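Numbering (this note's numbering), first residue to last: 1331 to 1469. Beta carbons are placed, not taken as given, at the ideal position from N, Cα and C, and that holds for glycine. Fair warning: this is a prediction, and the values are worked out from it, not measured in the lab. For reference, the structure is listed below as structure tokens.
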């Protein structure tokens, strides 16, 4: 059975962040690594992906796939978070508190990935109906 904390650690931040990506994409465009083209499109696509991941982990039938996708997405956006940290730490306009928050975010991404992987692992024993698999006569 999935732990509620792992479920909440994955679903809630993904849902909130996905909405913010779609409502205020300009906030995230600045942190897309400079070498990537079409920043706004990447931000919008990542917002939709976050919402899909959040919805997928909430549904027992898609929880495992959603959790694995969530872990992959967290790893994929890590370079953008590094870019944000580099930009903010070098900024004279950012407050010390904001700088600290941005830097603290980097190591916090790893527990989120772990929670997603734990969620995938705990959901692996479930079949599509959400019921535990029962071994048949063949094992």
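Cα-Cα separation, residue 1405 to residue 1396: 14 Å
Inter-residue Cα distance where the pair is residue 1349 and residue 1452: 27 Å
Three-state secondary structure assigned by DSSP to residue 1366: Secondary structure of residue 1366 (DSSP, three-state): coil.
Contact under 8 Å by Cβ, residue 1415 with residue 1436: yes
Local conformation of residue 1361 per DSSP, three classes: coil
Cβ neighbours of residue 1465 in the same chain (closer than 6 Å, five flanking residues each side left out): Confidence at residue 1465 is low in this model, with a pLDDT of 44, below 50, so the placement of that residue should be treated as unreliable; the coordinate-derived value is given next. The beta carbon of residue 1465 is closer than 6 Å to none in its chain, skipping five residues each way along the sequence.
Beta-carbon spacing of residue 1387, residue 1400 below 8 Å: Yes. Within cutoff.
Which listed residue (1391, 1340, 1431, 1335) has its alpha carbon closest to that of residue 1402: Checked all of 1391, 1340, 1431, 1335; the closest Cα to residue 1402 is 1340.
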